[in-house]
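Structure record follows, encoded as structure tokens.
There are 2 protein chains.
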Amino acid sequence: MRQVLAFILFLLGAALAGGARAETGYDLWLRYQPVEAQWRERYAARVTHFTAADGPTMLAAAGELRRGVAGMLGYDPARREAVTGDGAVVLGTATSPLIAPLGLPLTRLGAEGYLIRSAVIQGKRVTVIAGNEEVGVLYGVFRFLKLIQTRQPLDGLDISDAPKLRVRVLNHWDNLDRYVERGYAGQSIWDWQKLPGHKDPRYTDYARANASIGINGTVLTNVNANADVLRPEWLAKVKALAEVFRPYGIKVYLTARFSAPIELSGLKTADPLDPQVAHWWKAKVDEIYRVIPDFGGLLVKANSEGQPGPSDYKRTHAEGANMLADALAPHGGTLMWRAFVYAAENPDDRHKQAYAEFQPLDGKFRDNVLVQVKNGAIDFQPREPFHPLFGAMPKTPLLMEVQITKEYLGFATHLAYLGPMWEEALQADTYRPRKGMTVAKVIRGVAGVANIGSDMNWSGSQFDQANWYAFGRFAWDPEAKAEPIAKDWAAMTWGNDPAVTGPIVAMMMASREAVVDYMTPLGLGHLMATGHHYGPGPWVSDLARPEWNPVYYHKADAGGIGFDRTATGTNAAAQYAPEVAANFADRKRVPERFLLWFHHLPWTYRARSGRTLWDELIVRYDRGVDAVTGMEASWKALEGKVDPRRWAEVRDFLAIQRDEAGWWRDASIAYFQSVSKRPLPAGHAAPAHELDWYKAIQTPYAPGNGK
Amino acid sequence: MRQVLAFILFLLGAALAGGARAETGYDLWLRYQPVEAQWRERYAARVTHFTAADGPTMLAAAGELRRGVAGMLGYDPARREAVTGDGAVVLGTATSPLIAPLGLPLTRLGAEGYLIRSAVIQGKRVTVIAGNEEVGVLYGVFRFLKLIQTRQPLDGLDISDAPKLRVRVLNHWDNLDRYVERGYAGQSIWDWQKLPGHKDPRYTDYARANASIGINGTVLTNVNANADVLRPEWLAKVKALAEVFRPYGIKVYLTARFSAPIELSGLKTADPLDPQVAHWWKAKVDEIYRVIPDFGGLLVKANSEGQPGPSDYKRTHAEGANMLADALAPHGGTLMWRAFVYAAENPDDRHKQAYAEFQPLDGKFRDNVLVQVKNGAIDFQPREPFHPLFGAMPKTPLLMEVQITKEYLGFATHLAYLGPMWEEALQADTYRPRKGMTVAKVIRGVAGVANIGSDMNWSGSQFDQANWYAFGRFAWDPEAKAEPIAKDWAAMTWGNDPAVTGPIVAMMMASREAVVDYMTPLGLGHLMATGHHYGPGPWVSDLARPEWNPVYYHKADAGGIGFDRTATGTNAAAQYAPEVAANFADRKRVPERFLLWFHHLPWTYRARSGRTLWDELIVRYDRGVDAVTGMEASWKALEGKVDPRRWAEVRDFLAIQRDEAGWWRDASIAYFQSVSKRPLPAGHAAPAHELDWYKAIQTPYAPGNGK
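Respectively, the protein sequence lines represent chains A and B. Residues in the first sequence are numbered consecutively from 2, following the working numbering. Residues in the second sequence are numbered consecutively from 2, following the working numbering.
Here is the structure:
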């Protein structure tokens, strides 16, 4: 016995030594670490064995259950053909022999919903995880495991849930050479060179992570599209990915370059009303569906930032979209069409252009078209008011597009939890057709520009994983709240100790507002350096197109600062419902967070604090920097309470963020002071360097900047 | 007791479940997996505790000892101030208080050698690991751990070893935006954007892996150099890496762009004889050493493939190199200067150009210059005869440059162990000044173009790790043999079971010859597709420079095939020592592996097999494909004997290799047959497609192809 014990202790030591391998973050929120002893017995009694049918999705669900139980409870639960005792977990659909007799209220849950219920089968206490389709069972298993991950009881369960939005997709801005536009997490995880011959196990982990939060589609390629992905040898690679994702309920989509018929087949035109063009696309789509029968559809960025599109042939966006939609319709495919357009030759406020171009097309799109609208009218800024198209196209299904990758919020090294930003956008009231019609209520789905890459931690930083996670949660339920999502993520990712999750959630919830404060306070926007958007560039005024220049956005001069989008200016505010417009256009009623977005105001204007606008601006910059300093202190206090490798990474990144927040603050103040000629308020330090010093900073190798 | 046991079993299960996390290859040959029970007790008795002084390198050595013992033996050995019992491991230098009295024969081992000896100290049986410098102790610890990894006894040890070459460096062809030229393992591991603020733990693992095989320097940047790395903000990043590597005995080097004075400081010239230019470099080098006091030196690719250099100013390579060497000399820095030159305007055989340009400069270089010569005269082909400069520059210290990354050997997915290739090059007899003077004997160091990237497995494939490993072993001892190195690597990487290592070593040892056979048999070379060098392109004849075209190299026509480098041709053979030249120039004496490298022969020429040259060529192609099929079968037989994730990856890659070997074979035969108009010998299948089918294959996104 003693010898046995000694050998077991040796194995344990060796295993722990192996396990002492530091955490890298690869496991995301699916770490499945051993639960505390007091919980283990309770949980083990509820997972003694399980039943499940065969089939790829059921195998994925069962596999996840086994993985979670092995990690958290320390054993491999047996799969049995029948319930053989208390503690069975019964996986199945409404028609499963063990589940059908229970008469569960599944119908109202739709194709993707699930139900988790404590029940009695053949006199044994069991937990049923059921859905109408197998994917619902998979979602239910993730929810069941989350109960253990977050230390909830498994007794008397009666949980049911279903996604509120049908379309929940990631957009990968990934090029065929693995470069990721606006990517800060390494190369694309799609290793095209080795596909289809090698399916990296990482693809499965990607699918698991997405399924765990209900994401049901992924657009594999960049919206700045490359027609080559539509070639047969590339479709074979796409097929291989689709095969990995299928059991996890994830469909693949591709971006379509509008000029593909010219580039791939030498057609003379890509005019959507040309029958040859329509025929080409129909044949191409038929070919895709022969290869991938459950292909999701196509996403198009047209006539935007140099991309080809129907306007090249004097056709409307609707005419372009409908031609592709007609090719997809027989296969049940979806056509996603981006509303992100602004024209070089159009001198009007960029804020207004998408609305002006798309709103008149309402009702002109085919049923299987989704118009994809960014959360704000400009471009994924730290803060923007909601896009005026939301609510303005009642006959057109809209997707809200958000950017999970932090192009404008400090790349990978700034901690910025985007949950509050998305909650703010989703809860914005469009007043169309009436009060209470929030963005959340008018959209049919959400598309998120992925922050996923080949970095070991997937997202470029530990905390950026939270944005992937939160995106999925908001896509599942656009009425969700950012804070409970942060709590769930923190508990699963960093452990259940409230002394850990408390400070982490507090950091997260304040983090995006800090970025707004030190980059673009009071409704300013788009002040980033050119191209890569890394660091401040409020002085930039020499770019070819006016709306690429930060000075276009802040309009600071000796008299004041801000963009007049009221009737005395561009009147962009008038694109909103009258109630919203009246609010935004009134400098007294507009939320101060949007003040300079809609108003050009004198430096001496009185902010609600009673300070002058100039002084208020400085106070906000300093508040942002102080918030980062505070996050650093909170994190240092967690040393030893989380695993050392991930802790050190976050510590380093917060130090970088603190430096860069100071850079933003100092460079912005140095520039605006050169315009306003006003002294800093008492107690606020002068920038560390002269303005020219900041202007001289060049970072040509900052990542993510196209090519 | 039973409860304790139950809880221990739970922890063990949980740990194993966590450990059941599949192996990715991240741990390289330093996996430190638990040893079998029969070995564990024997080893544990020899490592009961250890002694070591403080200091970064000793801490690194002690840390590695603890890591290895924890993984393999399951406990954390205690560090003690004194030997307190049998089984101590005594780490230290010749002057360590415990070691000095032993009077060990350390002097002859130099700064980097080490000695491992079983000894008695204060009546206790101990193992001493000693070096003259601390880095020797670190090397000794890796050797000691390797004894356990490969199941060698730890009794009666008397091992001493020292590197035979002083310079053992990796060359990273890594750009500042993390693109790796000729990289097939993801992005550069240097995450410049996050440096110096964040030192990725991977940098430490990189240093550990390199130190374990004795690599003592790393050139961080591409030889196609970017002057920006010499800017102060970049030197701060380089400094951060140097700090990580320093305890591991690894110096950092940078590539110097010869025109940097113009690009960074607006000088009018980069003429090496211009005093302003020399002054600029001296000041720049002084600045580097202020930041990194133990900086290794600079590496220059000059007047080669578009890079600037002294020839731009009608100066010699020696004049260019010496100017930089003079700047480095006061700091003890080294200047590495590549001999890889060939000129667009020079119509002479590319094979001859480096020799013609460099040999006359022998004796004209400063003492701290190392001339870096590729193993062969062309460019890292699957097989080349040794470079004629070896032995031809007796007054100039030469480095041999090899390519660890497989630009010309199938990228990441072809299994090709390069040990036999390097052994072949190193053991080639230069006959200068006399028989027996092999390449191994005339070089001062080795530089290897790294195959390291951000892929989880570091090298793009599991087996490519073996090439990194073997490079270090050959750099340490150029007289080493490829097979025992393969055995060591296989045992450490895949496990000690001879039923595993036997087939693996057999696969490895035959693998490079297989690539030669299916790509470039019988002394052919450089037949790869343009630019990326992925796949066959023997028909390519339309590139701007003649020596970029495969047809330049094979010279196949209706009459025959091969490059006449004898006196009737370019007479490149005459650049070798007379004995070697006579051998190469004689079609009867030249080794058949170099036949077509030196001779243009009729298709009807009789190979040593008695077959016609044409038939022999076909036989070789098929032999290569068959060898890959054989490797596939060997590997399939190992299923279940190695961990499943790595096994599956290798299985997939071998299938890709089999397909691509067939592609090479078929495309090459289709093309050569279109020239030779000869029928295939009986029993050899016709290519699967017509020649045009192969010519139409385009792979524009193949990795690694510059930008």
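Glycine is no exception: its CB is placed at the ideal position from the N, C-alpha and C atoms.
Chain B contact for residue i (CB, 8 Å cutoff)
i      : result
A/I453 : no
A/L618 : no
A/Y702 : yes
A/R647 : no
A/M632 : no
A/H199 : yes
A/Q188 : yes
Interface flag, residue i vs chain A, CB-CB below 8 Å
i      : result
B/I214 : no
B/D478 : no
B/A493 : Residue 493 of chain B is actually Met in this sequence, not Ala. So, not an interface residue.
B/L265 : no
B/L746 : In the structure displayed, chain B extends from 2 to 708; residue 746 of chain B sits before or after that span and is not available.
B/G496 : no
B/E640 : no
B/E548 : no
B/K195 : yes
B/A18  : At B/A18 the pLDDT is 46, less than 50, meaning the model places this residue with poor confidence and gives no usable figure here.
For residue i, three-class secondary structure by DSSP
i      : result
B/A89  : strand
A/G297 : coil
A/E134 : coil
A/D1   : Residue 1 of chain A falls outside the range modelled here, since chain A spans only 2 to 708, and no answer is possible.
B/I263 : helix
B/M337 : strand
B/S312 : helix
B/V629 : helix
Under 8 Å between C-beta atoms of residue i and residue j
i      : j      : result
B/A345 : B/A355 : no
A/Y185 : A/F412 : yes
B/Y249 : B/A212 : yes
A/N304 : A/V342 : yes
A/D667 : A/H690 : yes
B/V292 : B/L325 : no
B/V230 : B/L177 : yes
Boundaries of the alpha helix (DSSP H) in which residue i is found, first to last residue
i      : result
B/D72  : The displayed chain sequence assigns Gly, not Asp, to residue 72 of chain B. Run containing B/G72: P57 to L74, per the alpha helix (DSSP H) assignment.
A/Q658 : P645 to S677
Beta-carbon proximity list for residue i, same chain, < 6 Å, skipping 5 on both sides
i      : result
A/A79  : H50
B/M422 : R513
A/T700 : Y535
B/R566 : A573, A574 and F599
Range of the contiguous beta strand (DSSP E) that encloses residue i
i      : result
B/V181 : Where B/V181 is concerned, there is no enclosing beta strand (DSSP E), given that its DSSP letter is neither H nor E.
B/V370 : V370 to K375
B/Q404 : L399 to Q404
B/D253 : Note that residue 253 of chain B corresponds to Val in the displayed sequence, not to Asp. Note, B/V253: beta strand (DSSP E), K252 to T256.
Beta-carbon proximity list for residue i, same chain, < 7 Å, skipping 5 on both sides
i      : result
A/G215 : Y140, P164, R169, G473, A476 and W477
A/A451 : L171, N172, H173, I405 and T406
B/T335 : G297, G298, L329, N369 and L371
A/A722 : Residue coverage of chain A in this structure runs from 2 to 708, which leaves residue 722 of chain A outside it and unanswerable.
A/R351 : Y343, I379 and E548
Other residues of its chain near residue i: CB distance less than 8 Å, five sequence neighbours each side excluded
i      : result
A/L528 : M520, T521, P537, G538, P539, P551, Y554, H555 and S669
So if I threshold CB-CB distances at 9 Å, which residues from the stretch 395-429 of chain B count as touching chain E? Included in the structure are the protein chains A and B, with no chain E among them.
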